[in-house]
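For the sequence shown, UniProt numbering begins at 1 and goes up steadily by one.
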Amino acid sequence: MKLFYYKRRDGFSNFGDELNNWLWPQLLPEFFDEDETTTFIGIGTLLNQLLPQRIPQAQRLIIFSTGVGYEQPLKTLDKNWKLYCVRGKLSAKKLGLSPDLAITDGAILTRRLYQPSLQKIYRFTYMPHIHHATFAEEIWQNICEQIGFHYLDPRSSVDEILSTISQTEVLLAEAMHGAIIADTFRVPWIPIITSPRILLFKWQDWCSSIGVEYYPYFLSPLVKSYPQYAGGIRSSLNAFSHWKNSLLQFPNFRQIWQQQEQVSGTQLLKIAQTGRQQLSSDTQLEHLTVQLEEKLDILRKDNTIY
1 MKLFYYKRRD GFSNFGDELN NWLWPQLLPE FFDEDETTTF IGIGTLLNQL LPQRIPQAQR
61 LIIFSTGVGY EQPLKTLDKN WKLYCVRGKL SAKKLGLSPD LAITDGAILT RRLYQPSLQK
121 IYRFTYMPHI HHATFAEEIW QNICEQIGFH YLDPRSSVDE ILSTISQTEV LLAEAMHGAI
181 IADTFRVPWI PIITSPRILL FKWQDWCSSI GVEYYPYFLS PLVKSYPQYA GGIRSSLNAF
241 SHWKNSLLQF PNFRQIWQQQ EQVSGTQLLK IAQTGRQQLS SDTQLEHLTV QLEEKLDILR
301 KDNTIY
């Protein structure tokens with residue numbers, strides 16, 4: 001059985017994707033090899049019309065805790081696809097599945113394998129989206145240094161990211177799997193958006209599964225560093241909406257194209273100090289973990305002959 005997860009065309013690793021290779025071989029030892037005829041899809045927003053093209057050799061597909069999003073939705077589910085669970089209620093609804101198959105993101109199973117540090121080193125840590133880390137790494141590092149935050153690159157190793165999040169008091173995250181691991185490790189988190197590239201649907205999907213309202217804070221985009229997003233009418237509307245939201249939350253920063261690093265730093269610091277910190281309940285987290293473990297047990301029994 002082949003473990004498949006998204007790999008970026010630019011060659012950079014991304015935490016949420018790389019977590020697959022850290023997590024599943026530990027939970028399913030001796031399950032995986034290079035035989036692509038049976039393919040396992042776990043963590044990621046991969047349930048869209050591109051999935052069949054990405055795994056052309058797969059004759060049988062196993063889907064476990066994956067999310068819907070990006071591109072166009074899947075029109076049909078192949079009869080040789082076995083869905084054990086999806087990320088959340090929105091994914092299940094998009095695919096026309098029973099709500100019983102909506103559990104949560106499989107990344108929370110990390111809590112069964114990793115012991116978080118009890119020592120907190122960082123008061124606030126900021127973890128950008130992989131795209132923004134790629135285009136504006138140095139700027140975000142400078143901003144974090146100016147306001148006394150720790151900067152966490154989503155391209156860092158899985159072990160480094162797990163360690164850093166566990167040693168953080170509050171995580172401000174554009175990277176959704178940073179927030180998921182923070183919640184899993186009982187680290188309060190605040191969702192951040194700095195451009196229209198952030199997919200609201202996948203955040204809402206996950207948040208619905210843990211019983212938490214998705215309430216993101218908008219920062220003005222780093223227009224000199226971020227690439228242009230408005231390539232069409234829909235993209236233009238998304239970009240306009242993002243700018244409007246950032247101005248509504250920070251009405252005193254209308255000259256956002258001037259001294260942008262200072263403005264972004266001031267905004268980020270204010271959010272950290274006054275923003276709504278999120279955290280699911282201990283009871284809900286344990287309930288979801290047990291549900292995933294039960295599905296994983298079924299998966300093991302179903303696939304012992306493969």
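A virtual CB, placed ideally from N, CA and C, is assigned to each residue, including glycine.
Where does residue i land, buried or exposed, given buried means 16+ other C-beta within 10 angstroms?
{"i": "E30", "result": "exposed"}
{"i": "S157", "result": "exposed"}
{"i": "Y5", "result": "buried"}
{"i": "Q277", "result": "exposed"}
{"i": "R87", "result": "buried"}
{"i": "N80", "result": "exposed"}
{"i": "K120", "result": "exposed"}
{"i": "D159", "result": "exposed"}
{"i": "residue 315", "result": "An answer regarding residue 315 cannot be provided, because it is not within the stretch 1 to 306 covered by the chain."}
{"i": "R123", "result": "exposed"}
Between the options, which lies nearest to residue i when the distance is taken from Cα to Cα?
{"i": "K301", "options": "W22, S13 and L28", "result": "L28"}
{"i": "L292", "options": "L19, T37, G42 and N14", "result": "G42"}
{"i": "Q26", "options": "T168, A102, L113 and C144", "result": "L113"}
{"i": "I130", "options": "T266, S280, K7 and T289", "result": "K7"}
{"i": "R155", "options": "L172, A182 and M127", "result": "M127"}
{"i": "H150", "options": "L118, G265 and R197", "result": "G265"}
{"i": "A173", "options": "L222, G44, T289 and F218", "result": "F218"}
{"i": "L279", "options": "C85, V290 and L171", "result": "L171"}
{"i": "I108", "options": "W22, G148 and I62", "result": "W22"}
{"i": "I63", "options": "S163, L101 and V212", "result": "L101"}
{"i": "K93", "options": "Y215, D205 and V212", "result": "D205"}
{"i": "residue 307", "options": "M1, L90, G11 and P52", "result": "Nothing in the structure corresponds to residue 307, since the chain is present only between 1 and 306."}
{"i": "G148", "options": "L269, E261, V290 and G275", "result": "L269"}
Quick one: Cα of residue i to Cα of residue j, how far?
{"i": "Q258", "j": "S220", "result": "The pLDDT assigned to Q258 is 47, lower than 50, so where the model puts this residue is not dependable; a value taken from the coordinates is nonetheless given after this. Rounded to the nearest angstrom, the two C-alpha atoms are 11 Å apart."}
{"i": "S13", "j": "T76", "result": "30 Å"}
{"i": "A58", "j": "C144", "result": "44 Å"}
{"i": "residue 331", "j": "L46", "result": "Limits of the chain in this structure are 1 at one end and 306 at the other, which puts residue 331 out of reach."}
{"i": "Y306", "j": "P99", "result": "Residue confidence is low: Y306 scores 45 on pLDDT, short of 50, so the model does not pin down where it sits. Its coordinate-derived value is still stated next. Using only the alpha carbons, I get a separation of about 28 Å."}
{"i": "G69", "j": "S281", "result": "26 Å"}
{"i": "L296", "j": "E18", "result": "20 Å"}
{"i": "T39", "j": "L3", "result": "6 Å"}
{"i": "residue 309", "j": "D153", "result": "This structure leaves residue 309 out entirely; the chain is present only between 1 and 306."}
{"i": "I298", "j": "R60", "result": "17 Å"}
{"i": "A239", "j": "T304", "result": "Note that A239 scores a pLDDT of 46, beneath 50, so its modelled location is shaky and nothing firm can be said."}
{"i": "D105", "j": "L288", "result": "9 Å"}
Could you pull the DSSP bridge partners for residue i from this structure?
{"i": "K2", "result": "T39"}
{"i": "T45", "result": "G67"}
{"i": "F218", "result": "I193"}
{"i": "Q278", "result": "W189"}
Is the shortest distance between the beta-carbon of residue i and the beta-carbons of chain D less than 9 Å?
{"i": "V170", "result": "Structure shown: chain D not included; a single protein chain is present."}
May I have a chain-ordered list of the beta strand (DSSP E) segments no shorter than 3 residues that lie completely inside the UniProt domain "Polysaccharide pyruvyl transferase" (60–194)?
60–68, 81–86, 122–127, 168–173 and 189–193
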